[in-house]
Amino acid sequence: MNAKYFNKWIFQSLIFFIFLISDLSGQIRSHEVGRLWDTRWETGSMRGSGIAPIRDQMTYPGADFFYQTRKNLTGRGLWIGVKDWTDKFGTFHTFYVSEGGPLNNDATEYCTAISNKKYFRERLPLVYVNGVKEVRPLDWRSGSGIYRKTSLSANEKITTIWTTNVGITVTRNSYAFANLDHDSYHILEHIFENTGNVDDNKNTKELVGQNLFGVYFGFIFSFIPSSDLGHERNGGERDDWVHYYGNQPGDTLRGLWYCYDGDSQRKDGDDIGDPSDINGEFLSPQYVGAGVLHADTGYDNEADDRSQPATVNYWSDRTVRSHTKGDAEQTLYSELSSGIQSQGTDEGQYSYPWESEVQGPMVYVAFGPYDIPYNEDVRIVIYNSVGMISRKLAINYGQRWKNGELTYNNLTGDEAKNDIIATGRDSLFMYASRAEWTWENGLEAVPDGPLTPGNFNINSAPGKIELQWDAVDDKEGPDTGEFDFAGYRMYRTESFYTNEYYKIWECGGSSGIDVSNIYIDRNVERGKNYYYYVTAYDIYGIESSHFYNRNYQTAAIPVLAARTDLDSVFVVPNPFHVQGHVFGGTFEEDYLEVPRKEDQIMFVGLPARAIIRIFTVHGDLVVTLHHPNPDNPLSIPESSDEAFFQITDSWETMKSGVYFFHVEGWDLQDKFLGTTTGKFIVIR
């Protein structure tokens, strides 16, 4: 990759990020410390509905820092209903609902943002690959609204404050943990204070002195398990079931709505879990939930009111209510106050999840009625969580199912598949019970691992990858204050950063290997892409975050040492053959990810320094490459390899055809070694 090409790629990548997130840095904050990733907007809803890149939507399992794939939430909202209320213009309303999403998106008519701040116990570590710093689009280690607070009771906390047009100021504290036993749920504490303020000026109170009566708070969620990979890639049909657990005798949880994938009418055969047409992987095995932890009995009584939520219900795509659909205020208020205690759509009344009465379910819980005098408040605490079989099992079981070889619990075929996927409900319930335990025992009761190793340097080298990081073995444990560090663990995946990671090395503890902050990975193959992260663990076995110090923008690629001749210069693969539409990939890959990893070819057998010129069969110069290229992090000095992504000097993708290359070479002492030529074929 020549400097001109790589610099242009950097420039266009920056333009892309500026276009998408230039105005987001002060608007959104994201949790990406554990397996559950989610973005907090400036109010209780989110901007836009459906799915979009550069934002987390209950993404699970998290791993894709660029597209945040495996999104499980397509909309959320927070409604506040009141009775006998007078607005700032002096108009009296017998019933009124301040509709904070989701159909009206971020509901600027009803909600006004005040602040959105993120606190973390430790700053996001720096990660370098071949000297180039990794940058994340949704998680920043510093900047406006980003604070380090070592005394934090969770690994991360996002505090969002906004006002509503009924005079209630909402403060939402969102908590996330790195501990693997507690990283699949987020706790969201809401404090609703009757301040009389309806805008972003705290010094003026438009509804001063007004008491509020018959107040209901409605939390609304639109779930689609793996909406961007499963349904959207397999026909786009809403075929999900929803169920509420917690309002029946014998239920062991405080209250939990959850959603899971059903069978589509558009796919031949049983497609529960959305098996991939390519390899059978279960693309939508998630059980996605929103649960209840606490509801004040009243403004003057902080005891948990176990009779709440007052209303548990759902809408379908056809029956959903909103001002945007012309619904009257009393109609909206009645939705919150109806007292319905639904158990969901899967109780036997409907045969298929795509029937019009239940298709595209949007669930909600409403708390109330509360009377809230001026300057008083009530607190309601909920949580979001996701459970599923691991992606490794989703791949392995899916392949066996596709090949007709799957057995499980004396079941075979579709029955075995569905039984396996249904164990995701057990995982969800386990995380839900842990969320309840955490709230009852205090956030600080969750055990914390050591600090995350920082300044993680990943360097490609001949026949190896060199890894080094700042030691944390002399740091106290964040929760215990003890020097309880035990060792480090190294994890790795191959080919692409969203693939499953595996532990490849451990030191300290009972490993028998002395503690070290340096590891040389020699079990690598030339030309293959590698991605890493390192954790620290304590004497109790608790690890630091598995997500804080990953590389994703640039892979580490082992190479061979530079040759001292030009006898073995060639291109791999040759011929290069890519299949697919346009340039062989999806829309996102073709237009948002440039250069594409799928287009990579390698010039191998090069000396320490070389100039590579590529020509068409007609003798037209296509591109000039320099080896090594200091502007390209994939170009390794003193190596024999140079990556090329088939982008010409004119910023065009190379077409199918035969190409010739001419190489000039120099050794380490800059002695001229001569020239060599060759050819390769591109098939698209």
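According to the numbering used here, the sequence shown is numbered sequentially starting from 166.
For glycine and all other residues, C-beta sits at the position ideal for the given N, C-alpha and C.
Item, Value
"With DSSP as the reference, identify every bridge partner of GLN506, one or two as the case may be.", "VAL477"
"In three-state DSSP terms, what is LEU593?", "helix"
"Mapping the DSSP letters down to three states, classify LEU838 as helix, strand or coil.", "strand"
"For ASN237, tell me which candidate among ASP439, TRP602, SER449 has the shortest Cα-Cα distance.", "SER449"
"Taking only the alpha-carbon atoms, compute the straight-line gap between GLU665 and ARG556 and give it to the nearest angstrom.", "7 Å"
"To test your reading of the DSSP string, which unbroken alpha helix (DSSP H) runs of 4 or more residues are found completely within the stretch 323 to 365?", "none"
"Using DSSP with H/G/I as helix, E/B as strand and the rest coil, what is LEU129?", "Nothing can be reported for residue 129, as the shown portion of the chain is limited to 166 through 849."
"Am I right that ILE437 and ASN583 are in contact with their C-beta atoms under 8 Å? What's the rounded C-beta distance?", "5 Å"
"Looking only at DSSP bridge pairs, what is PHE231 linked to?", "DSSP, once it has assigned bridges, lists no residue as partnering PHE231."
"Looking at the unbroken beta strand (DSSP E) that takes in VAL622, where does it start and where does it end?", "The sequence shown places Asn at residue 622, not Val. Segment 621 to 626, the beta strand (DSSP E) holding ASN622."
"Where does ARG565 fall in DSSP's three states?", "helix"
"Please report the residue range of the beta strand (DSSP E) in which ILE777 lies.", "774 to 781"
"When DSSP labels each residue in this structure, what does LYS629 get in the three-state scheme?", "strand"
"Kindly list the residues whose CB is nearer than 8 Å to the CB of ASP542, restricted to its own chain and excluding five residues on each side of it in sequence; keep chain order.", "ILE356, PHE357, GLU358, ASN359, TYR464"
"Using the Cα positions of SER821 and ASN739, report the straight-line distance between them to the nearest angstrom.", "12 Å"
"Opposite PHE388 in the DSSP bridges: which residues?", "LEU238"
"May I ask you to report which of helix, strand or coil DSSP gives ARG556?", "helix"
"Return the bridge partner residues of GLY463 from the DSSP annotation.", "ASN466"
"Using beta-carbon positions only, say whether VAL699 and TRP634 come within less than 8 Å of one another.", "yes"
"Can you give the beta carbon distance from ILE623 to LEU616, rounded, assuming they're within the 8 Å contact cut?", "Between LEU616 and ILE623 the Cβ distance is about 19 Å, and since that is not below 8 Å, they are no contact."
"Within a Cβ cutoff of 7 Å, which residues of the same chain sit near GLY395, ignoring the five residues on either side of it in sequence?", "ASP426, ASP439, LEU448, SER449"
"Look at the Cβ atom of MET211, then the Cβ atom of ARG235, and state whether they are nearer than 8 Å.", "no"
"Can you give the Cα-Cα distance for ASN682 and GLU659, rounded to whole angstroms?", "22 Å"
"For ARG657, which of GLY619, GLY706, ILE722, ARG306 has the nearest alpha-carbon?", "ILE722"
"How big is the Cα-Cα spacing for ILE537 and ILE547?", "20 Å"
"Quick check: is the beta carbon of GLY411 nearer than 8 Å to any beta carbon in chain D?", "This model lacks chain D altogether, as it is built from one protein chain only."
"Taking 6 Å as the limit between beta carbons, can you name the residues of its chain near ASP482, skipping five residues before and five after?", "GLN524, GLY525"
"Consider the C-beta atom of ALA808 and the heavy atoms of the ligand ZN; say whether any pair is separated by less than 7 Å.", "No copy of the ligand ZN appears in this structure; indeed no ligand is present at all."
"Taking DSSP as the reference, what is the three-state secondary structure of LYS730?", "The sequence shown places Asp at residue 730, not Lys. Coil."
"Going by alpha carbons, who is nearest to VAL292 out of TYR284, PHE285, TRP305?", "TRP305"
"Would you check if there are 3 or more beta carbon pairs closer than 8 Å linking the stretch 401 to 418 to the stretch 369 to 382?", "no"
"Could you tell me the boundaries of the beta strand (DSSP E) in which TRP406 lies?", "405 to 410"
"Three-state secondary structure (DSSP) at GLY843?", "strand"
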